[in-house]
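Here the protein sequences line up with chains V and R, keeping their order.
For the first sequence, our numbering assigns the number 82 to the initial residue and increments by one for each residue that follows.
For the second sequence, our numbering assigns the number 152 to the initial residue and increments by one for each residue that follows.
Read the structure below first, then the notes.
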Amino acid sequence: MTDEVYSDLMREFKEGKYVFTGELEPEKAGNVNEPIEMAKELLGLVVACNVTDNPQSFAYVSSLAASYKIQKETGMECVYQLRCSDRNRMALLSDVLGAGTLGLKNILALAGDHVSLGDTPDAKPVFDLDSTTLIHMIRKMVDEGKDLGGNDIEDPPKLHVGGAAAPGAAHLKAEVGKVKKKINVGVEYLQTQVVYYTDVLDKFFNELGETDVPILVGIFPARTFGQADFFDKYVAGVDVPPDYLESMRATKQIKDKEKKKEEVDRVNIEFFTGFLEHLKGTPAAGCHMMAVGYPRIIPPLKKIME
Amino acid sequence: MIAQEQKPMEEILGYLEGKQKVVVMGCGGCATFYGTGDKKAVNEMAEKLTKEGKEVTKIVMPLGMQACETEKCSIFLQKKRSAVENCDAIMVMSCGDGVQVVTEYTDEEMGLAKEVYPVNDPLGLVGGGPKKFKETCQSCGMCELGKTAGVCPLTACGKGLMNGPCGGVREGDKCEIDPDKDCAWVKIYKRMEKLGKLDAFEQMNDPHEWSKMKRPRLFELEKPMGMMDMMGAMMNLNTISGYMSMMFAKPPAEEEEAKKE
């Protein structure tokens, strides 16, 4: 296993800095103008941004194309999300080589939601590899310069691979068993699914035990009630606390746009202050702020962590 | 067995639009067990099509006479050769294997280019019963059950993952895709826990070798089972005692009650 550092994200982990990352979501469009604008706003606030790959199985702009364009045009380091739902092992390998060719430095390897949950439910789900075998494949490509079949790769890609963990999974022991598999095959960092409850997080860290692999804890400060409600209803493995959801619902009644924004920010800061204060006492190496389209919330939340 | 259910009548009638003479052929294999190709099902289908003004010839295949086996299927098709020759369509009440054996045999052996249509939708290789069944095997050509505590994740996991549950396991250890289904990987975890093999749970399983499933797969038996061997296998004492036990044994729940009394 190599100790090389290829990305700013990995450099911050190695230097022991408290790491903040953000998230950008390409949409069903022939451009990535909006995520590019968002990336510009996030520059300096986070070290890198995830670029989502067909989240919740809604088919959007390729995350490879989006990651490349966003990184090139804004200078924001991208974490290219790559899921197994839509590609067999050949396509995954090609895309990883493509990511290396395009200068991307981080991949988040995901199994991905089932296609039946999204907007193209009649598609054939692939899942030729799973998240563990994808991580294994990427490490083999980067470290050994070989593909899964042992064939040589000329000028292997130089990038890091992260994996996901779901602290809120209904069966935590099985989830942690899977996370340990990812650690065993060389995952370089972990990023958790969104967590709202501190006890869920504590149970996860306790079950996992000590590990050298840095862990980013996912939080989701919602910009609107609709976003929070969508997460609660449709995102697998995430429960949004009812009191937070109610406070967000109440902001819908405010007609004045500026006042509404202020109130949404107040609700988020109030809720996440307790959570982030608690986070300081956990083994987390940082925080993944999944605040899509909501960059203004990041500075006050980061301040809590200072 | 291959589970199956009958297609909606509109679809079946759609195939028969403008056609008059129809052969309805059953199957004495899986379709008989699922009531989609037995004598009763053939009679009911014939009745419905007659009401629609079709001239129907029935081919009933008794239990043990499967439409998917050319040797057996051919006997019944040859018996009704003139109806088959003169029909506008053959409706086969079996899985897709049976439909295709009928297509191939009528075309290549009988020299009749006939329109052959499926009456049923096949739903997979299933186990369980007598009432509830579930798909447990997809005949992938490379059985992984030895690595996964006897539960096939390729089939029982909605995503076919080989290395643990996805992040979407629901309350009650249910599947992200369908809350009525159990998470296969939680089941595997619990089995490994009982067997004292949890260390294996944390080790990576290699990606499945799909090269073992190059379609269409061809298969050849060195010594095919003859009709007499088959009859011998079916008519032995153990078969008879097995069926007798099924007929007269009390269901487990009743047995428990009887013990309590």
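The beta-carbon is built from N, C-alpha and C at its ideal position, and this holds for glycine as well.
Keeping to the same chain, check which residues put their C-beta closer than 6 Å to that of residue i; ignore five residues upstream and five downstream.
i, result
"D213/R", "Strictly speaking, residue 213/R in this sequence is Pro, with Asp absent from that position. Excluding sequence neighbours, P213/R sits near G179."
"H217/V", "V266"
"I385/V", "T354, L357"
"V373/V", "E104, E106"
"M293/R", "E360, K363"
"V160/V", "A129, N131, N187, L189"
"F286/V", "T363, P364"
"T183/R", "D189, L214"
Considering just the uninterrupted stretch of the alpha helix (DSSP H) at residue i, what are its terminal residues?
i, result
"I349/V", "Position check: residue 349/V holds Asn in this sequence, whereas Ile was assumed. N349/V -> alpha helix (DSSP H) spans 338-360."
"T273/V", "No alpha helix (DSSP H) contains T273/V, which is instead part of the beta strand (DSSP E) from 270-275."
"D313/V", "306-315"
"D272/R", "Per DSSP, D272/R belongs to no alpha helix (DSSP H); it is in the beta strand (DSSP E), 271-279."
"M395/R", "388-399"
"Y325/V", "323-331"
"A234/R", "232-237"
"G367/V", "That residue, G367/V, is in no alpha helix (DSSP H); its beta strand (DSSP E) goes 367-370."
"V242/V", "No alpha helix (DSSP H) holds V242/V; the beta strand (DSSP E) holding it covers 241-246."
"E96/V", "89-96"
"M385/R", "378-385"
"T279/V", "279-289"
"W336/R", "335-345"
"K365/R", "Run containing K365/R: none; DSSP gives neither H nor E here."
"I335/V", "Unbroken run through I335/V: none, as it is neither H nor E."
"A264/R", "It is not in any alpha helix (DSSP H) - A264/R carries neither H nor E in the DSSP assignment."
"A351/R", "349-352"
"Q251/R", "247-255"
"L382/V", "379-386"
Report back the beta-carbon spacing between residue i and residue j to the nearest angstrom; my notes put them in contact at under 8 Å.
i, j, result
"V243/R", "V211/R", "13 Å between Cβ atoms; not a contact."
"G243/V", "Q272/V", "6 Å"
"L240/V", "L185/V", "6 Å"
"V207/R", "I241/R", "Not a contact, Cβ separation roughly 11 Å."
"N169/V", "V207/V", "6 Å"
"G181/V", "G249/V", "At roughly 33 Å, the Cβ-Cβ gap does not stay under 8 Å, so G181/V and G249/V are not in contact."
"C308/R", "A335/R", "4 Å"
"V276/V", "V298/V", "6 Å"
"G346/V", "I378/V", "As written in the sequence, residue 346/V is Asp, which differs from the Gly given in the question. Indeed, because the Cβ distance is near 6 Å, the residues count as touching under 8 Å."
"D84/V", "N135/V", "Contact flag wrong, Cβ pair sits at about 33 Å."
"L191/V", "L210/V", "Incorrect: roughly 11 Å between the Cβ atoms, too far for contact."
"E344/V", "T332/V", "5 Å"
"T99/R", "V252/R", "Residue 99/R is absent from the structure shown; chain R starts at 152 and stops at 412."
"E353/R", "K262/V", "6 Å"
Following the continuous beta strand (DSSP E) through residue i, name the residue where it begins and the one where it ends.
i, result
"K325/R", "Unbroken run through K325/R: none, as it is neither H nor E."
"Q157/R", "153-157"
"T102/V", "100-105"
"I300/V", "296-300"
"A240/R", "240-243"
"N187/V", "187-191"
"V260/V", "From DSSP, V260/V is part of no beta strand (DSSP E) but of the alpha helix (DSSP H) over 253-265."
Taking only beta-carbon positions, decide if residue i is within less than 8 Å of chain A.
i, result
"D333/R", "Looking for chain A here will not work: the only protein chains present are V and R."
Take residue i and list the residues in its own chain whose beta-carbon comes closer than 7 Å to its own, dropping the five residues that flank it on each side.
i, result
"L164/R", "E203"
"M185/R", "The displayed chain sequence assigns Tyr, not Met, to residue 185/R. Within the same chain, Y185/R has close Cβ partners A154, Q155."
"D233/V", "G226, K227"
"P237/V", "M222, V223, G226"
Give every residue of the same chain whose Cβ lies closer than 8 Å to the Cβ of residue i, excluding the five residues on either side of it in the sequence, and list them in chain order.
i, result
"L326/V", "F306, A309, D310, D313"
"G247/R", "P269, P273"
"K199/R", "M160"
"G275/R", "I153, A154, E286, Q289"
"A137/V", "Ala is not the amino acid found at residue 137/V; the sequence shown has Gln there. Result list for Q137/V: D194, L198, G199, Y315, V316, in chain order."
"L312/R", "P304, W336"
message = Short of 7 Å Cβ to Cβ, which residues in the stretch 294-321 of chain R face chain V?
response = G309, K310, G311, L312, M313, N314, G315, P316, C317, G318, G319, V320, R321
Positions along the stretch 341-362 of chain R whose CB lies within less than 9 Å of some CB in chain V = K341, M343, E344, L349, F352, E353, Q354, M355, N356, D357, P358, H359, W361
ask   = Taking only runs of the alpha helix (DSSP H) that begin and end inside the stretch 165-214 of chain R, which ones reach a length of at least 4 residues, in chain order?
value = 181-184, 190-202
Interface positions of the stretch 220-247 of chain V facing chain R (Cβ-Cβ less than 8 Å), listed along the chain = L229, A245, A246, A247
inquiry  = Counting only Cβ-Cβ distances shorter than 7 Å, please list the residues of the stretch 268-284 of chain R near chain V, keeping chain order.
reply    = none
ask   = Which runs of the beta strand (DSSP E), 3 residues or longer, sit entirely within the stretch 282-316 of chain R?
value = 284-288
inquiry  = Along the stretch 261-277 of chain V, where does the CB come closer than 8 Å to a CB of chain R? Name the residues.
reply    = K261, K262, N265, V266, Q274
query = Which whole runs of the beta strand (DSSP E) in the stretch 100-172 of chain V are 3 residues long or more, in chain order?
reply = 100-105, 129-132, 159-164
query = Name the residues in the stretch 138-172 of chain V whose C-beta lies less than 9 Å from a C-beta of chain R; which are they?
reply = C165, S166, N169, R170
message = At a CB distance below 9 Å, what residues from the stretch 190-214 of chain R approach chain V? Give them in sequence order.
response = none
key: Members of the stretch 228-257 of chain R that neighbour chain V once the beta carbon cut-off is set at 9 Å   = none
query = Along the stretch 164-192 of chain R, what residues have a CB closer than 8 Å to any CB found in chain V?
reply = none
message = Going residue by residue through the stretch 199-243 of chain V, where are the continuous alpha helix (DSSP H) segments of at least 4 residues, counting only ones entirely within it?
response = 212-220
key: Interface residues of the stretch 347-369 of chain V facing chain R [CB-CB below 8 Å]   = none
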